[in-house]
Amino acid sequence: DGTPTLARDGVTASAIGIGEYEVRPIDQAHAFSTFAAGGIERPTYFISQIADSAGNVLYSNDGADGEQVIAPEVASDVTYALSDVADYSNDELADGREVACKTGTTQLNDEANKDAWMVGYTAQLSTAVWVGTDNNEPLLTAEGRLVYGSGLPGKIWQAYMNATLAGAEQLSLPDEALIEGDTGQSSGSGDSEDQDEETTAPTTTPAPTTESSSPSATPEPTTPSRPRPTIPTTTTPTPPPTTEPPTPAPLLPPGEPVGAGASSHSGYWAR
13 DGTPTLARDG VTASAIGIGE YEVRPIDQAH AFSTFAAGGI ERPTYFISQI ADSAGNVLYS
73 NDGADGEQVI APEVASDVTY ALSDVADYSN DELADGREVA CKTGTTQLND EANKDAWMVG
133 YTAQLSTAVW VGTDNNEPLL TAEGRLVYGS GLPGKIWQAY MNATLAGAEQ LSLPDEALIE
193 GDTGQSSGSG DSEDQDEETT APTTTPAPTT ESSSPSATPE PTTPSRPRPT IPTTTTPTPP
253 PTTEPPTPAP LLPPGEPVGA GASSHSGYWA R
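Numbered per this note's numbering, the sequence shown spans residues 13 to 283.
Below, the structure written as structure tokens:
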């Protein structure tokens, strides 16, 4: 009916990532197909081909060229992250066909569920299954048990995918992450791992005479248990003489033990 579902008062809340907003199954299948296509989004269509009784093709829709809306390495990593869900949920496809999927369940109060999803794809096909009601009623199986995404929706999705893909070529999905840890950089971008180690665990060699905004990447960084500050080179106290101090008054305040400067320095290291 044209009513927006992804924003309220023009502002989309951060909870969109955990299912706060209503969404149609076709939109879920469409979104996941973008991951399957390496981040290329194509418009959905209902009819792929029309032929007459003699087999003459009257209309054919091979799909648009599409637009790259997600970086290929990001789409690849999403697929890789979702590749174990089917096996974990006992919704794997026949003949070991590679698939990426995600289950989803919406709670109703604290003791029931009102929505259950299974959305997943191979390299050729993306499918979404939703089980729920329009009245926010509890979802229960015939035995009176709660319905979860990996249950009834997962089994429907599994049966449909197996039937539709029977005899189709088995295509591979990404089998490794392309983005390095928390850096946001592709794995082929260079020495990102060394740079990360040096940022979180600086070397314990003496600091250079001039300040630098980032540690030098030349020496091999060590890996202490926690980052440690560099000892200032000008604050080391002069050890007190072992003999009787000279006539002039000591530099320390009266009553303060000799060597207190070193003790406070040790406390600085302990923090």
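Don't be surprised by glycine CBs; every beta carbon is placed ideally from N, CA and C.
Where residue i sits in the DSSP three-state scheme
i: THR24; result: coil
i: ALA175; result: helix
i: GLY166; result: helix
i: GLU192; result: strand
i: GLU32; result: coil
i: GLU53; result: strand
i: LEU185; result: coil
i: LEU158; result: strand
i: LEU151; result: coil
i: ALA135; result: coil
i: ALA261; result: Low local confidence applies: a pLDDT of 43 at ALA261 is under 50, so the model's placement there is unreliable, with the coordinate-based value given in what follows. ALA261: coil per DSSP, three-state reduction.
Which listed residue (the options) has its alpha carbon closest to that of residue i
i: PHE47; options: PRO165, GLY161, GLN136; result: GLN136
i: ASN174; options: GLY161, GLY163, GLU110, GLY144; result: GLU110
i: THR115; options: SER72, GLU79, VAL159; result: VAL159
i: GLY156; options: ALA171, ILE28, ASN125; result: ASN125
i: SER101; options: PRO165, ILE28, GLU32; result: PRO165
i: ILE191; options: ASP99, ALA140, ALA87; result: ALA87
i: TRP129; options: VAL69, GLU181, ASP39, GLY108; result: ASP39
i: GLU181; options: ASP127, GLU123, THR134; result: THR134
i: ASN148; options: THR118, ASP99, TYR57; result: THR118
i: GLN61; options: ASP74, GLY108, GLU123; result: ASP74
i: ILE59; options: ASP77, GLY50, VAL69; result: VAL69
i: ALA49; options: VAL97, ASP77, ASP127; result: ASP77
i: GLU79; options: ALA43, VAL35, LEU183, GLY51; result: GLY51
i: LYS167; options: GLU85, ASP99, THR24; result: ASP99
i: SER162; options: VAL131, ASP187, TYR172; result: VAL131
i: PRO186; options: GLU85, ASP122, GLY193, ASP64; result: GLU85
i: GLU123; options: LEU152, GLY193, THR145; result: LEU152
Start and end residues, alpha helix (DSSP H) containing residue i
i: ASP89; result: 84 to 93
i: THR46; result: 37 to 48
Where the beta strand (DSSP E) containing residue i begins and where it ends
i: THR139; result: 138 to 144
Cβ distance (whole Å) where residue i is taken to contact residue j below 8 Å
i: GLU53; j: VAL81; result: 5 Å
i: ALA41; j: ALA140; result: 4 Å
i: TYR92; j: ALA189; result: 6 Å
i: SER95; j: ALA112; result: 5 Å
i: TRP142; j: PRO37; result: 5 Å
i: LEU310; j: PRO150; result: For residue 310 there is no data in the structure shown, the boundaries of the chain being 13 and 283.
i: ASP127; j: GLN170; result: Between GLN170 and ASP127 the Cβ distance is about 19 Å, and since that is not below 8 Å, they are no contact.
i: SER184; j: SER45; result: The Cβ separation is near 17 Å, so there is no contact.
i: GLU32; j: ALA25; result: 6 Å
Any non-hydrogen atom of the ligand GTP closer than 8 Å to residue i Cβ
i: PRO55; result: The model on display carries no ligand, and the ligand GTP is accordingly not part of it.
Could you pull out every unbroken beta strand (DSSP E) segment of at least 3 residues lying fully inside the region 55 to 133, listed in chain order? 61 to 63, 69 to 72, 112 to 120, 124 to 133
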